[in-house]
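Enquirer:
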Amino acid sequence: MTTPTPGDTSEEIRRSSAGRVPRPPLTLVTRERLHSALDLGARAPLTMLVAPAGTGKTVLLSDWVARRRQAGGSVVWVPGQAAGALAETIDEAAGADGTRPPDPVVVDDAHLLPAETVAGLSQMLRKSPHAVRLVLATRYDLPLPVPELELGGMALTLRSRDLRFNDAEATALVQAHASNATAEDISLFQEQTAGWAAALVLAARAFAASGAVVWPLANQRPVLDLLLGETLSTLDARVQAMLLSTFGATAVTGHLAVMLSGDADAGAMLADLAGSGLLVTAYADGQRSDPLYRYHPLLVELLRRRVAGSNEDARTVVAAQRRSALYYENRGDGGTALRSALGADDPALVARILLGHGPEILAAGDLPLVTAGFEALPDGYLAAHPHLIGVRGLLRRVSGDVTGAVMDAASADDLVGATARQPVTPDDDALEADAVLLQLWESRYGWQDVHAAIGRARCMLALEPIDGDPGRRAVLAPERLAWLLIELAAAETWADELDAALSHLDEALVTARMAGHTRLVAGGLAHRAVVQYARGQLQNAARSAQAALDVVGEDGLPQEYAVRAHVVMGFAAMSQLDLDGAWHWHQLLVATDLADSDTVVTALRSILHAELLIEAGRLDEALTALTTDPAGAGPLPSFLSRDLALLRVRLAILLGDRAGIEAQLRELDRTGSATEAELLRAMLSIGRGDLQATVARIDQILDRPDPYPPIASAAAAFRTVLLARMGDLPAADASLVDTLNRVAPQRVLQAFVPASGEPGFLDQLRRHVDGPNPHPFAALALGKLTDYLAASSESSSLTLLARTRPDGHAPPPRRLDAVVNGARIRLTAREADVLDQLALGSSYAEIAQALYITENTVKTHLMSLYRKLGVEKRSAALRVARAVGLTRGGGQPFG
């Protein structure tokens with residue numbers, strides 16, 4: 011082989027090769043995996059290291075050469091600048107007459123070899139490949155017969171992706187320069203450099219000097235720009251334009267690169283760049299046929315700075331952003347379209363995407379993006395394009411700006427009215443839908459008439475005519491339609507139209523799922539959970555609530571949807587006697603601002619809290635929690651009135667408040683729950699002593715098809731106890747099975763609570779479980795009730811069944827209110843307990859022990875008790891209490 015450019019003689023090169031091999035740095039990290047690859051490759055005619063500057067080619071080869079020589083092997087090192095005598099060097103390295111393998115010849119910076127030299131190497135590799143063993147380090151591919159040699163197993167190529175430092179190697183390299191770097195620091199360096207050797211070293215040195223992780227490496231930019239800029243500048247102008255057009259995307263496909271750059275060859279360019287592995291990396295995507303490409307973080311930084319300093323490059327990026335916005339807008343991806351439009355310097359495009367996709371983006375929870383869209387519009391733009399008023403109103407609503415939302419709602423209504431007689435455009439439909447969304451929201455607070463808002467929404471959706479006009483169904487994007495249907499259902503729930511609400515939620519869920527909008531799916535599920543709860547379908551409601559939380563995870567669920575799911579999950583836990591779980595969900599509700607919710611959720615939260623207080627025996631606190639009706643938009647829905655009245659009846663029974671019981675029974679009659687009121691009256695008739703008549707009344711009402719399932723289940727359990735007291739065990743067993751049949755479908759174990767304190771009830775249930783044909787739900791019910799009774803409060807001894815127990819062990823009914831010195835007073839349940847202990851002559855310590863409270867708490871209750879009775883000591887308190895009937899036995903029987 012001859013070379014046309016003579017330089018150093020072969021003897022000079024051989025002498026210099028031993029002394030001029032770059033020495034491995036003291037902080038060298040030996041990379042065994044690459045040494046093994048080079049050992050393997052050096053057995054073949056050609057080994058190529060193809061990677062840009064700064065990837066560690068020279069350091070790797072120098073380390074490998076040094077180790078090979080230390081092991082007694084021979085190797086020749088030739089700098090690319092000294093190519094004159096390369097042919098003679100190769101001849102010298104060849105085996106004598108083929109008796110031994112040729113020595114490896116390492117050519118560093120082989121990209122500097124003259125074209126004639128490279129051509130000579132190519133010819134030799136084709137004609138006599140086994141006569142040479144070349145190891146070439148180059149910054150780009152050379153015109154050598156690599157593919158042909160690789161097919162024959164006679165060539166190995168290592169590229170940038172192979173030279174990248176893996177995590178273990180990066181850790182060793184960084185700690186060699188910055189021993190105090192932590193694992194978290196190194197992880198950040200590795201993330202930002204993608205394993206690029208030069209950048210890792212610079213980052214480590216900067217850290218060692220400053221003691222802090224600072225990115226980007228401002229003081230190292232010249233070096234980074236030199237290394238990356240050199241590589242970037244060697245690329246074709248079209249490739250550079252493609253990179254400028256696409257670097258803003260997190261990941262790029264070939265198809266997306268074509269769209270963003272407008273260059274049909276963009277996909278092929280990405281594939282070529284990924285071959286080098288430094289600038290671009292290809293990742294396989296199991297769901298796609300084409301790979302995903304990601305750019306090196308430092309390349310992205312360099313391109314960003316280049317755009318900032320060049321108007322021409324900036325125009326390239328703006329054009330790409332506009333193409334991106336149009337592409338994603340047509341695909342229905344409003345969020346990505348708006349993000350791209352913000353970089354396209356086109357207010358009209360931003361406005362169009364806001365109007366078409368603003369509600370979709372808001373429903374997805376990206377308030378900052380929509381806010382940025384409005385901020386990008388010039389001053390006065392909304393005045394000239396008022397259709398955006400509705401979207402801004404929705405933005406203000408979900409942002410908590412209630413005043414601004416109400417003002418925009420009014421403006422949107424005015425605009426809809428002004429354009430009512432003109433031909434309707436899609437923009438008009440969008441504006442009216444937003445106006446209706448806002449009106450439905452306002453109606454739940456009483457700021458708009460809820461029935462008028464519902465009628466307007468139904469007319470817009472062509473669900474029912476107004477004044478005989480069937481109207482036309484508005485043409486809406488699926489996300490806007492789904493949100494509108496959810497808001498309509500929420501208003502219908504408040505208006506007591508539960509069947510319509512459930513139907514519209516089903517339609518909303520279908521629409522949201524077709525659109526792939528997970529947060530709207532979650533919103534529909536959360537609202538459906540409330541409706542199912544209102545209908546007594548507690549297990550179904552719990553499944554819907556859990557599904558809402560699972561769709562996006564709790565952190566991703568909007569507040570007004572999350573509170574609905576949480577409150578339903580709390581009631582579901584209560585129904586299954588999981589008091590710890592119920593407290594957990596209640597705490598989540600307490601920690602959530604309900605300003606974006608409505609009175610339904612507020613009332614449900616109060617009911618759940620009061621139930622938990624009752625279960626904890628804190629009856630006076632429960633009474634306070636239930637004293638005031640929730641403030642709302644007009645009368646409460648019947649299901650809320652029913653649930654509040656039922657809970658107040660339960661509390662009044664525990665407190666011995668006969669007047670309170672009667673008041674709540676009248677409330678049930680008034681609000682359409684007459685069947686439930688009849689069941690309660692039947693159960694209360696136990697106080698008259700005719701158990702047969704009580705059972706007959708309960709049976710008669712339970713035969714009806716409409717009793718509310720939870721109260722019907724409780725009445726069935728109550729009947730079971732009465733039949734057992736009467737000695738009719740076969741009938742009691744049949745009643746137990748009927749109770750289990752009622753409880754099992756929705757797992758309303760809470761219905762057993764009034765009966766669970768009866769000594770024989772658990773025994774009866776246990777006998778049933780051990781019998782020949784137990785109910786499938788019986789064993790679970792027995793276990794849950796056993797655990798519940800072990801942890802139940804003393805209020806269980808105050809239930810209606812306990813007070814009418816014939817064994818004489820139940821405490822007699824008692825009064826908590828009386829007139830003392832002309833003024834009506836009312837004792838709390840705990841004050842009454844302390845009074846009873848006083849009557850027994852107990853000391854402070856004995857009272858504290860009996861009631862499981864501290865002595866200080868005893869003294870606090872005594873001071874309150876003395877104040878109410880108008881006395882200053884124990885003897886006077888007992889005398890006054892007996893006189894006004896506040897001691898045990900002073901109350902009236904139920905019935």
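Using the working numbering, the letters of the sequence shown correspond one by one to residues 11 to 905. Glycine is no exception: its CB is placed at the ideal position from the N, C-alpha and C atoms.
#1: How should Ala209 be labelled, buried or exposed, when 16 other C-beta atoms within 10 angstroms of its C-beta is the threshold for buried?
#2: Quick check on this structure: which residue in Leu44, Glu158, Met584 and Leu872 has the alpha carbon closest to the alpha carbon of Asn176?
#3: Report yes or no: do three or more beta-carbon pairs, one from the segment 593-602 and one from the segment 613-631, lie closer than 8 Å?
#4: Sort out for me which residues DSSP pairs Met58 with in a bridge.
#5: Express the C-alpha separation of Ala706 and Gly697 in angstroms, rounding to a whole number.
#6: Under the rule that 16 or more other beta-carbon atoms within 10 Å means buried, what is Arg889, buried or exposed?
#7: DSSP has Ala292 in a bridge; who is on the other side?
#8: Is it buried or exposed, Leu36, if we count other Cβ atoms within 10 angstroms and call 16 or more buried?
#9: Rounded to the nearest angstrom, what separates Leu441 and Gly456 at their Cα positions?
#10: In terms of residue numbering, what span does the beta strand (DSSP E) encompassing Ile835 cover?
#11: What whole-angstrom Cβ distance do Val531 and Val561 have, given they're in contact under 8 Å?
#12: By DSSP, does Ala52 sit in helix, in strand, or in coil?
#13: Taking 6 Å as the cut-off, is the beta-carbon of Leu690 closer than that to any non-hydrogen atom of the ligand NAP?
#14: If we count the other Cβ atoms within 10 Å of its Cβ and call it buried at 16 or more, is Pro62 buried or exposed?
#15: From what residue to what residue does the beta strand (DSSP E) around Asp118 run?
#16: Compare the beta carbon distance of Ala741 and Val753 with 7 Å and say whether it is the shorter of the two.
#17: Hey, would you say Gln847 sits closer than 7 Å to Ala858, going by beta carbons?
#18: Hey, how far is the Cα of Ile624 from the Cα of Gly591?
#19: According to DSSP, is Asp827 part of a helix, a strand, or is it coil?
#20: Nearest-angstrom Cα distance between Leu535 and Leu515?
#21: Between Ser648, Gly533 and Phe581, which lies nearest to Ala551 when the distance is taken from Cα to Cα?
#22: When burial is assigned at 16 or more other CB atoms within 10 Å of the CB, is His871 buried or exposed?
#23: Looking at the unbroken alpha helix (DSSP H) that takes in Pro568, where does it start and where does it end?
#24: Quick one: Cα of Val262 to Cα of Asp300, how far?
#25: Cβ of Ile711 within 7 Å of Cβ of Leu689?
#26: To the nearest angstrom, how far is the alpha carbon of Leu512 from that of His395?
#27: Could you check where the beta strand (DSSP E) with Trp87 kicks off and where it finishes?
#28: Quick one: what's got a C-beta closer than 6 Å to Arg652's C-beta in the same chain, skipping five residues either side?
#29: When we look at the beta-carbon of Val829 and count the other beta-carbons within 10 Å, is it buried (16 or more) or exposed?
#30: So for Val446, helix, strand or coil by DSSP?
#31: Helix, strand or coil for Asp606? Go by DSSP, reduced to three states.
#32: Quick one: Cα of Tyr718 to Cα of Met269, how far?
#33: Who are the near neighbours of Leu146 in its chain, counting only those whose CB is closer than 6 Å to its CB and skipping five residues on each side?
#34: If you reduce the DSSP assignment to three classes, tell me which class Val39 lands in.
#35: Mapping DSSP to helix, strand and coil, what is Val881?
Expert: Short version:
#1: Reading the sequence shown from its first residue, position 199 is the one you call residue 209. Buried, because 16 or more other Cβ atoms sit within 10 Å of the Cβ of Ala209.
#2: The count along the sequence shown starts at 1 and reaches residue 176 at position 166. Residue Leu44 is the option with its Cα nearest to Asn176.
#3: yes
#4: Counting from 1 along the sequence shown, the entry for residue 58 is found at position 48. Paired residues: Leu146 and Thr167.
#5: Position 687 of the sequence shown, counting from 1, holds the residue named residue 697. Position 696 of the sequence shown, counting from 1, holds the residue named residue 706. When rounded, the distance between both Cα atoms is 15 Å.
#6: For the purposes of this step, residue 889 is taken as residue 879 along the sequence shown, with counting starting at 1. The residue is exposed, with fewer than 16 neighbouring Cβ atoms inside 10 Å.
#7: Walking along the sequence shown from the start, residue 292 turns up at place 282. Paired residue(s): Tyr303.
#8: Here residue 36 refers to the residue found at position 26 of the sequence shown. Any reading at Leu36 must be qualified, since the residue scores a pLDDT of 43, below 50, and its modelled position is unreliable; the value itself is stated next. So Leu36 ends up on the exposed side.
#9: Start at 1 with the first residue of the sequence shown, and residue 441 comes out as number 431. Start at 1 with the first residue of the sequence shown, and residue 456 comes out as number 446. Cα to Cα, Leu441 sits roughly 23 Å from Gly456.
#10: Taking the sequence shown and counting its residues from 1, one reaches residue 835 at position 825. Here the beta strand (DSSP E) through Ile835 covers Ala833 to Arg836.
#11: Along the sequence shown, one-based indexing puts residue 531 at 521. Along the sequence shown, one-based indexing puts residue 561 at 551. Their Cβ separation, rounded to whole angstroms, is 5 Å, which keeps Val531 and Val561 in contact under 8 Å.
#12: As a position in the sequence shown, residue 52 is number 42, starting the count at 1. Residue state, collapsed to three classes: coil.
#13: Absence of the ligand NAP from the depicted structure is noted, as is the absence of any ligand whatsoever, leaving it without description.
#14: Against the sequence shown, residue 62 aligns to sequence position 52. Burial call: buried.
#15: Looking up residue 118 in the sequence shown gives position 108. Residues Val115 to Asp118.
#16: Sequence index remark: in the sequence shown, residue 741 carries index 731 (1-based). Sequence index remark: in the sequence shown, residue 753 carries index 743 (1-based). Contact flag unset, no.
#17: Along the sequence shown, one-based indexing puts residue 847 at 837. Along the sequence shown, one-based indexing puts residue 858 at 848. It is not a contact, given that the beta carbons lie outside the stated cut-off.
#18: The count along the sequence shown starts at 1 and reaches residue 624 at position 614. The count along the sequence shown starts at 1 and reaches residue 591 at position 581. Rounded to the nearest angstrom, the two C-alpha atoms are 16 Å apart.
#19: Mapped onto the sequence shown, residue 827 falls at position 817. If DSSP states are grouped into helix, strand and coil, Asp827 belongs with the strands.
#20: Against the sequence shown, residue 535 aligns to sequence position 525. Against the sequence shown, residue 515 aligns to sequence position 505. Spanning the two alpha carbons is a distance of roughly 8 Å.
#21: On the sequence shown, position 541 is the one that residue 551 refers to. Closest by alpha carbon: Phe581.
#22: In the sequence shown, counting from the first residue as 1, residue 871 sits at position 861. Buried is the call here.
#23: Looking up residue 568 in the sequence shown gives position 558. Premise fails: Pro568 is in no alpha helix (DSSP H) and is neither H nor E.
#24: Position 252 of the sequence shown, counted from the first residue, corresponds to residue 262. Position 290 of the sequence shown, counted from the first residue, corresponds to residue 300. Near 10 Å, if we compare the C-alpha coordinates of Asp300 and Val262.
#25: Your numbering for residue 711 matches position 701 in the sequence shown. Your numbering for residue 689 matches position 679 in the sequence shown. Yes, these two residues count as a Cβ contact at 7 Å.
#26: Along the sequence shown, read from residue 1 onward, the residue named residue 512 stands at position 502. Along the sequence shown, read from residue 1 onward, the residue named residue 395 stands at position 385. Between Leu512 and His395, the C-alpha separation is close to 37 Å.
#27: Looking up residue 87 in the sequence shown gives position 77. Taken as a continuous stretch (DSSP letters only), the beta strand (DSSP E) holding Trp87 covers Val86 to Pro89.
#28: Here residue 652 is taken as the residue at index 642 of the sequence shown, counted from 1. Around Arg652: Ser683.
#29: Counted from its first residue, the sequence shown places residue 829 at position 819. Exposed: under 16 other Cβ atoms inside 10 Å.
#30: As a working mapping, residue 446 is identified with position 436 in the sequence shown. DSSP places Val446 in helix when its eight states are reduced to three.
#31: If you number the sequence shown from 1, residue 606 lands on position 596. Any reading at Asp606 needs caution, since the residue's pLDDT is 48, under 50, leaving its predicted position unreliable; the model's value is listed next. Helix, per DSSP.
#32: Here residue 718 is taken as the residue at index 708 of the sequence shown, counted from 1. Here residue 269 is taken as the residue at index 259 of the sequence shown, counted from 1. Distance between the alpha carbons of Tyr718 and Met269 is about 60 Å.
#33: As a position in the sequence shown, residue 146 is number 136, starting the count at 1. Met58, Val117 and Ala120.
#34: The sequence position of residue 39 within the sequence shown is 29, counting from 1. Correct three-state label for Val39: coil.
#35: Here residue 881 is taken as the residue at index 871 of the sequence shown, counted from 1. In this structure, Val881 counts as coil in the three-state DSSP scheme.
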